Amino acid sequence: MATKMAGIKSLAVNNFLKQKIMSSQRIYEVFARKAHEEPIMHVGSVNAPNDELAKVYAWTAYDEEKWLEMCVVRRSEIIPVLNPEDKPIWGN
Amino acid sequence: MSTQTFASAKNLPADGRDAVHALLLATADTKMFLGFHYGEWTFGTPALEAGIAACCMSQDEFGHLRLLHGCLTAQFGDSPSALMEKRALHEFANIACLDRPLVKWADFVAINLFSDGALTVILTGLQKSAFEPVANFVDKMVEEEKHHIRNAQGWFRTLATYNSKTKAALEEASRWALSPTLEWLGPSNHAMMQKLEQYGIINTAWESLRQRFLDWVGAFAHDQKISIGLEQKNSHWAPTFPLDFSQWHPNVRRCTPTQPDEKILYHLRGSKNAIFKLGEHN
Numbered sequence: 030m031a032t033k034m035a036g037i038k039s040l041a042v043n044n045f046l047k048q049k050i051m052s053s054q055r056i057y058e059v060f061a062r063k064a065h066e067e068p069i070m071h072v073g074s075v076n077a078p079n080d081e082l083a084k085v086y087a088w089t090a091y092d093e094e095k096w097l098e099m100c101v102v103r104r105s106e107i108i109p110v111l112n113p114e115d116k117p118i119w120g121n
Numbered sequence: 003m004s005t006q007t008f009a010s011a012k013n014l015p016a017d018g019r020d021a022v023h024a025l026l027l028a029t030a031d032t033k034m035f036l037g038f039h040y041g042e043w044t045f046g047t048p049a050l051e052a053g054i055a056a057c058c059m060s061q062d063e064f065g066h067l068r069l070l071h072g073c074l075t076a077q078f079g080d081s082p083s084a085l086m087e088k089r090a091l092h093e094f095a096n097i098a099c100l101d102r103p104l105v106k107w108a109d110f111v112a113i114n115l116f117s118d119g120a121l122t123v124i125l126t127g128l129q130k131s132a133f134e135p136v137a138n139f140v141d142k143m144v145e146e147e148k149h150h151i152r153n154a155q156g157w158f159r160t161l162a163t164y165n166s167k168t169k170a171a172l173e174e175a176s177r178w179a180l181s182p183t184l185e186w187l188g189p190s191n192h193a194m195m196q197k198l199e200q201y202g203i204i205n206t207a208w209e210s211l212r213q214r215f216l217d218w219v220g221a222f223a224h225d226q227k228i229s230i231g232l233e234q235k236n237s238h239w240a241p242t243f244p245l246d247f248s249q250w251h252p253n254v255r256r257c258t259p260t261q262p263d264e265k266i267l268y269h270l271r272g273s274k275n276a277i278f279k280l281g282e283h284n
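For the record, the sequence lines run as chains U and L. Residues in the first sequence are numbered from 30 upward in steps of one, following this note's numbering. Residues in the second sequence are numbered from 3 upward in steps of one, following this note's numbering.
So this is what it looks like as structure tokens:
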């Protein structure tokens, strides 16, 4: 792991990039199912800067199961039906 | 192109056998180095999820490496430990931009798109190969590689459009990675590539595979307004920089006597923990 830590300048660039990317993150909820007869269910969430990377991250973060179908939804697009204001229904 | 299939390497004509062996070894070496770099970037990525994706891709690459080493062992009599331990640095046939540590995140994105992308195009050329041992596992590799390409394209678009600094870093890294990747793909008119086509080891001409890669990355980078050193001529994309293949060697797929960093091989070989390689010492 030590080999990567080659240049202070590059570290600064990476830190700059990290701060910028992190500040542009959105939260996506991940849904999946393993068989057609199963209901699609909530399996977790990912942070991503855009829809394209959200799809990649959902797959790589939750690939321990043999999913038949998986999709992501922007948390901001979800319309709550029953949602006590002090308790987010989707966890953190 | 021949319609004959080959159940094992011993059924291949000698010139075809050498060509297949060299291509599989170069593919295995490139996957080994990609796996190392992806694994290194499990930490220090711009976001936690990017680290998970990098780690996941590293596992894929080492899984593919294991399959390729298994094939080289069963079909060509290569010993996996010899492939890792006994070869001199100048014998490794990985894409040369993987020789050194990747210093910045844009380098990671560039090798993810260009080096992994070129390798994946070659793997698609091996689908339905007349060499059955490869045809048996290559579809699974291509399927897993789709996620690598999606990760590369997602990050390429993100850096290309985020701001002028990320765009400039991406452009610099892309130019750095593209040239050695094209060097690794090599000259299409080389006898080795012609043998691969002649015996149906690849499902199309090598030039078609090379052009498929150029047309894909050329159009993709152009759409993101990133200048990578390719230009469109008629309907195809071609490098704007010279590539001199006069000294190109098919066993290492390089034009010049470059080699990987010894420190990377030290990590890959597990040299620090050699005494724990149980069963290898008396």
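C-beta: ideal position from N, C-alpha, C; glycine also. From a predicted model like this one, the values you see are computed outputs, not experimental measurements.
query	result
Whose C-alpha, out of L:Lys-106, L:Thr-126, L:Ala-55 and L:Tyr-40, is nearest the C-alpha of L:Thr-206?	L:Thr-126
L:Gln-155 touches chain U at which residues, Cβ-Cβ below 8 angstroms?	Glu-81
Counting C-beta neighbours from all protein chains within 10 Å, is the total for L:Pro-135 16 or more, i.e. buried, or is it exposed?	buried
Quick one: measure Cβ to Cβ for L:Leu-36 and L:Leu-100, integer angstroms, because I've assumed they're closer than 8 angstroms.	6 angstroms
Of all Cβ atoms in chain U, is any one closer than 8 angstroms to the Cβ of L:Arg-152?	yes
Starting from L:Ser-176, trace the alpha helix (DSSP H) both ways and give me its first and last residue.	166–187
Which residue from L:Gly-156, L:Ala-120 and L:Gly-231 puts its Cα closest to that of L:Pro-244?	L:Gly-231
Considering U:Ser-74, what are the terminal residues of the beta strand (DSSP E) in which it resides?	70–77
Please say whether U:Trp-88 and U:Lys-63 have beta carbons closer to each other than 8 angstroms?	no
Relative to chain L, which residues along the segment 82–113 of chain U have a C-beta separation below 8 angstroms, given in chain order?	Leu-82, Lys-84, Val-85, Tyr-86, Trp-88, Thr-89, Ala-90 and Asp-92
Thinking L:Pro-182 and L:Phe-247 are a contact (beta carbons under 8 angstroms), I'd like their distance in whole angstroms, please.	Their Cβ separation, rounded to whole angstroms, is 13 angstroms, which puts L:Pro-182 and L:Phe-247 out of contact at 8 angstroms.
Does DSSP put L:Cys-57 in a helix, in a strand, or in coil?	helix
Are the segment 89–98 of chain L and the segment 159–177 of chain L touching by the rule of at least three beta carbon pairs closer than 8 angstroms?	no
What residues from chain L crowd round U:Val-75, counting only those whose CB sits closer than 8 angstroms?	Glu-51
Please state whether the Cβ-Cβ distance between L:Ala-28 and L:Arg-255 is less than 8 angstroms.	yes
Mind checking whether L:Leu-180 and L:Phe-116 have CB atoms under 8 angstroms apart?	yes
Taking buried to mean at least 16 other C-beta atoms within 10 Å of its own C-beta, is L:Asn-114 buried or exposed?	buried
Would L:Phe-45 be called buried (16 or more neighbouring beta carbons within 10 Å of its own) or exposed?	exposed
Which residues mark the beginning and the end of the beta strand (DSSP E) in which U:Arg-55 is found?	55–62
Can you name, in chain order, every residue of its own chain whose Cβ lies under 8 angstroms from the Cβ of L:Thr-75, other than the five neighbours on each side?	Ser-81 and Pro-82
According to DSSP, L:Val-123 sits in a beta bridge with which residue or residues?	Looking at the DSSP assignment, L:Val-123 forms no beta bridge with any residue, so it has no partner.
When we look at the beta-carbon of U:Asn-71 and count the other beta-carbons within 10 Å, is it buried (16 or more) or exposed?	Looking at the sequence shown, residue 71 of chain U is not Asn but His. U:His-71 comes out exposed.
Is it buried or exposed for L:Thr-168, if we count other Cβ within 10 angstroms and need 16 for buried?	buried
Compute the Euclidean distance between the alpha carbons of U:Asp-80 and L:Arg-271, then round it to the nearest angstrom.	38 angstroms
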